[in-house]
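FYI, the numbering for the sequence shown is 41 to 162, going by this note's numbering. The C-beta atom is built at its ideal place from N, Cα and C for all residues, glycine as well. Below you'll find the structure, written out as structure tokens, and then a few comments.
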Amino acid sequence: MKIISTNNAPAAIGPYSQAIITGNLVYGSGQIPVDPATGNIPEGIEAQTHQSCKNVKALMEAAGTSMENVVKTTCFLADIADFAAFNAVYAQYFVSKPARSCVAAKDLPKGVLCEIEAIAEI
């Protein structure tokens, strides 16, 4: 097992790793839309989805893989009414169409609108 850490994605805000490699898979922790350079959270579901996807991409690259190798995502939305807008942005980053679960959650960390976790092949 190898722990992955990068300054190009938000630091963990609890007792967990940004990502873990075991075997030929990388398991990324959920990425909320925090800009790792500034700590800011953009406004609106589209901007937040872009930032969450950029953070997932940074984790995948730090682990030596890419978005094209993502095989499964789990997505959390603060409001399921944002599903269509979320999907429109998500599709720009996950062009390989990995398997996915997407659910509405009562609350997400820092009051964000979305969170994305991903599993990818190395």
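### Query
Going by the CB atoms, is the gap between residue 67 and residue 107 shorter than 7 Å?
By 1-based counting over the sequence shown, the position of residue 107 is 67. By 1-based counting over the sequence shown, the position of residue 67 is 27. No, the pair does not count as a contact, with Cβ atoms beyond the cut-off.
### Message
the ligand SAM and residue 139: does the residue's C-beta get closer than 6 Å to at least one heavy atom of that ligand?
### Response
Absence of the ligand SAM is noted for the structure shown, with no ligands found whatsoever.
### Query
How about residue 159 and residue 115: do their beta carbons lie closer than 7 Å?
Stepping through the sequence shown from its first residue, residue 159 is reached at position 119. Stepping through the sequence shown from its first residue, residue 115 is reached at position 75. No. Outside cutoff.
### Task
Classify residue 111 as buried or exposed, calling it buried when 16 or more other Cβ atoms lie within 10 Å of its own Cβ.
For this step, residue 111 is matched to residue 71 along the sequence shown. Exposed, because fewer than 16 other Cβ atoms sit within 10 Å of the Cβ of residue 111.
### Query
Can you pull the DSSP bridge partners for residue 68?
Translated into the one-based positions of the sequence shown, residue 68 becomes position 28. 59, per the DSSP bridge assignment.
### Query
Do residue 98 and residue 49 have their C-beta atoms closer together than 7 Å?
Working through the sequence shown from its first residue, we reach residue 98 at position 58. Working through the sequence shown from its first residue, we reach residue 49 at position 9. Cβ atoms of residue 98 and residue 49: closer than 7 Å.
### Query
Just the Cα atoms here: how many angstroms apart are residue 117 and residue 85?
Sequence index remark: in the sequence shown, residue 117 carries index 77 (1-based). Sequence index remark: in the sequence shown, residue 85 carries index 45 (1-based). The alpha-carbon atoms of residue 117 and residue 85 are separated by roughly 9 Å.
### Query
Measuring CA to CA, which of 55, 127, 46, 47 is closest to residue 90?
Position 50 of the sequence shown, counted from the start, is the residue given in the question as residue 90. Here the closest residue by C-alpha is 127.
### Delimiting residues of the alpha helix (DSSP H) encompassing residue 96
Looking up residue 96 in the sequence shown gives position 56. Residues 85-102.
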